[in-house]
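Following our numbering, the numbering of the sequence shown begins with 1 at its first residue and continues without gaps.
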Amino acid sequence: MAKKRTRKPRPPLPAPSWSSMLYAKIEKKYIGMFRFLLEAQDNLGYASVVDNYDCVLKITFSPHQEREMRAFLKGMQQTIPFEVFERPMD
Numbered sequence: 001m002a003k004k005r006t007r008k009p010r011p012p013l014p015a016p017s018w019s020s021m022l023y024a025k026i027e028k029k030y031i032g033m034f035r036f037l038l039e040a041q042d043n044l045g046y047a048s049v050v051d052n053y054d055c056v057l058k059i060t061f062s063p064h065q066e067r068e069m070r071a072f073l074k075g076m077q078q079t080i081p082f083e084v085f086e087r088p089m090d
């Protein structure tokens with residue numbers, strides 16, 4: 001039997017200067033469930049309410065995990081109806 005080779009650990013990624021953000025428009029009754037599911041996903045990101053009347057959430061996460069965040073949000077759209085969009089231009 002062949003001897004297992006140990007993997008060389010990758011060097012850590014440099015700390016980002018800024019967090020990445022996405023926005024989600026969601027029905028008011030789903031905000032609590034959305035935040036619960038997001039925060040339960042191994043510290044992937046967090047959501048805060050930007051507009052309480054239009055029910056817009058700001059999702060903040062590390063730019064190194066954008067692919068994982070988008071995949072998670074796409075999967076969560078099968079459970080909770082919401083729309084994801086980029087930051088609106090001023």
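Where a beta carbon is used, it is the ideal one built from N, C-alpha and C, also for glycine.
- The segment 44 to 84 is shown to contain whole beta strand (DSSP E) runs of 3 or more residues at 45 to 51, 56 to 61, in chain order.
- Straight through space, the alpha carbons of ASN52 and LEU44 are spaced by roughly 23 angstroms.
- Leaving aside the five residues that flank GLU83 on each side, the residues in its chain whose CB is nearer than 6 angstroms to its CB run, in chain order, LYS25.
- Excluding residues up to 5 positions away in sequence, SER19, MET21, GLY45, TYR46 lie with their Cβ nearer than 7 angstroms to the Cβ of THR60 in the same chain.
- Under the three-state reduction of DSSP, LYS25 is assigned to strand.
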